[in-house]
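To keep things clear, I will list the structure first and then write my remarks on it.
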Amino acid sequence: MSYKLGILDQSPIFPGASAFDALQQTINLAKHAEEWGYTRFWVSEHHHAEQLAGSSPEVLISYLLAQTKSIRVGSGGVMLQHYSPYKVAENFHVLSNLSPGRVDLGIGKAPGGLPLSTKALQFGTVNDGKDFEERLSFLQEIIENSVNETHPLAGIQATPLPSEKPMMFLLGASADSARLAAELGIAYVFARFINSNETVLEDAARIYQSIFPTGSFKVSVSVIAAPSQQEAEQLTGDQKIVKVHLKSGRSVTVQTLAQAELFGKQSGEPYEIEEQDSNIIAGTPSYVKEVLANLHEKYGVDEFILHSPILKEAERLRSFRLLSPLQLALPEVKHVTSQN
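Residue numbering for the sequence shown follows the working numbering, starting at 10 and increasing by one per position.
The structure is reproduced here in structure tokens:
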């Protein structure tokens, strides 16, 4: 294949299971991902979420690094609006010292939860979430150990300095975030599973690649693979992308209509809820491979980060196995009927 494949795991808590079960499944999936030839394995950050166990990617990453040997492990992503860039750099420098050359630092702009959890995360700090670009730029300087001498914190270092720096990525779902990543000269991951608007994806790819032609443009997609097209479509169900549009102009993606209503009420301002098709790529491995190849050619995608919304443990694991780089790299077997 001319592109790479990685995995984004949100540590879903399946019906009747516990958070312990979900995290054990994440550990198991990471081990399999390494065995199956995936390039990287990312874990997400969601707060006050009853259906997801991944609230602290830094802690989970450290455990996953200890449980694997070669695959890159990282955040998909750290929600920087809540945190000190300096502390984020310290966390990932420690991780990079523990496993040199294997740590990814993916940064997200979203809150990762409802307004109440955002208030809790930012409790006691002076923070309104409007200085994201400044935070990201400063984080990059700390990681690069190149804080400008005119900066109020000139001379600061996030120790222990690693022999190999964590690789930085900006995660986003808009042309503006693609532009920011390009201007800073860092890799960009477009979250197609959050924003299924193909025009926005096209704009993001064009802007990023025009500003930073040597950069890395990746796309995170929702995929479901099964032995048959029919089963894959059945596993898809009627899943939707749910967005909350606030009167202030901010838009946030949540998982369910109930969460959307709760987010709107907690925001304290007028809001509208929009449902979009989830745009899940569902089918046989060969079908999914064909769709990814077309996206690769059309938008210059060098890697896909696969997200699976399957709510069944065995079928979800099977989907990642069927789409594994080692599996997709095998030539397709053509059945030939002999003629006498």
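All C-beta atoms in this analysis are idealised placements derived from N, C-alpha and C, irrespective of residue type, glycine included.
Sequence-distant residues of its chain with Cβ nearer than 7 Å to residue i (five each side left out)
i, result
"Leu304", "Val228 and Val310"
"Ser333", "Trp45, Gly46 and Tyr47"
"Val345", "Unreliable placement is indicated for Val345, whose pLDDT of 44 sits below 50; the coordinate value is still reported in the next sentence. Same-chain partners within the cutoff: there are none."
"Tyr92", "none"
Presumed contact (8 Å Cβ cut-off) between residue i and residue j, rounded CB distance
i, j, result
"Leu73", "Ile36", "7 Å"
"His56", "Gly133", "Contact flag wrong, Cβ pair sits at about 16 Å."
"Ser84", "Pro66", "4 Å"
"Asp286", "Ser205", "6 Å"
"Leu130", "Pro94", "Not really, about 15 Å apart at Cβ, beyond 8 Å."
"Lys256", "Glu278", "5 Å"
Check whether residue i and residue j have beta carbons under 8 Å apart
i, j, result
"Pro7", "Phe221", "As displayed, the chain neither begins before 10 nor continues past 349, which places residue 7 out of reach and without an answer."
"Ile195", "Leu179", "yes"
"Gln76", "Lys40", "yes"
"Ile319", "Ile250", "no"
"Leu38", "Leu326", "yes"
"Lys118", "Gly63", "no"
"Val232", "Val135", "no"
"Ser146", "Leu107", "no"
"Ile289", "Gln239", "no"
"Glu54", "Met88", "yes"
"Glu211", "Tyr308", "yes"
"Glu173", "Ser219", "no"
Span separating the alpha-carbon of residue i from that of residue j
i, j, result
"Ala371", "Lys13", "Since the first residue shown for the chain is 10 and the last is 349, residue 371 is missing from the structure and cannot be characterised."
"Ser11", "Thr262", "31 Å"
"Gly292", "Leu315", "14 Å"
"Gly164", "Asn154", "9 Å"
"Ile16", "Gly224", "20 Å"
"Gly25", "Leu244", "18 Å"
"Gln336", "Leu266", "37 Å"
"Leu193", "Pro175", "16 Å"
"Ser328", "His160", "48 Å"
"Ile152", "Arg111", "15 Å"
"Glu43", "Gln33", "16 Å"
"Glu324", "Phe313", "20 Å"
"Gly300", "Asp113", "The question names Gly, but residue 300 is Val in the sequence shown. Each residue's alpha carbon lies about 26 Å from the other."
"Val7", "Gln166", "The question about residue 7 has no answer, for the chain in this structure spans 10 to 349."
"Asp30", "Gln19", "13 Å"
"Arg201", "Val230", "5 Å"
"Glu242", "Arg144", "42 Å"
"Thr208", "Lys139", "26 Å"
"Lys128", "Gly246", "34 Å"
"Val156", "Ser237", "54 Å"
"Gln348", "Ala235", "Per-residue confidence for Gln348 stands at a pLDDT of 44, beneath the threshold of 50, marking its modelled position as unreliable; the derived number appears in the next sentence. Distance between the alpha carbons of Gln348 and Ala235: 32 Å."
"Ala7", "Lys274", "Absent from the model: residue 7. The displayed extent of the chain is 10 to 349, so no value can be given."
"Leu162", "Val97", "16 Å"
"Glu306", "Glu158", "43 Å"
"Ala28", "Gln268", "19 Å"
"Ser276", "Lys252", "14 Å"
"Met177", "Tyr197", "9 Å"
Nonlocal neighbours in the same chain, by C-beta distance under 8 Å from residue i, ignoring five residues either side
i, result
"Thr168", "Glu99 and His102"
"Gln60", "Pro21, Ile22 and Gln264"
"His254", "Ser260, Tyr280, Glu281, Ile282 and Glu283"
"Ser126", "His56, His57 and Pro120"
"Ser79", "Glu43 and Arg111"
"Lys321", "Phe23 and Leu244"
For residue i, the residue or residues it bridges with in DSSP
i, result
"Tyr197", "Leu179 and Phe226"
"Lys13", "Glu312"
"Thr262", "Lys252"
"Asp286", "Lys249"
"Gly110", "Paired residues: none, contrary to the question."
"Tyr280", "Leu255"
"Leu148", "None, per the DSSP bridge assignment."
"Phe141", "BP columns for Phe141 are empty, so no partner."
"Ala234", "Gly292"
"Val52", "Asp18 and Ser84"
"Leu61", "Pro21"
"Ile362", "This structure leaves residue 362 out entirely; the chain is present only between 10 and 349."
Own chain partners of residue i with C-beta closer than 6 Å, once the 5 adjacent residues on each side are dropped
i, result
"Ala213", "Ala184, Ala187 and Phe199"
"Gly86", "Gly115, Ile116, Gly117 and Leu180"
"Ile216", "Ala184, Ala187 and Arg188"
"Arg81", "Arg49, Arg111 and Asp113"
"Leu69", "Val52"
"Ala302", "none"
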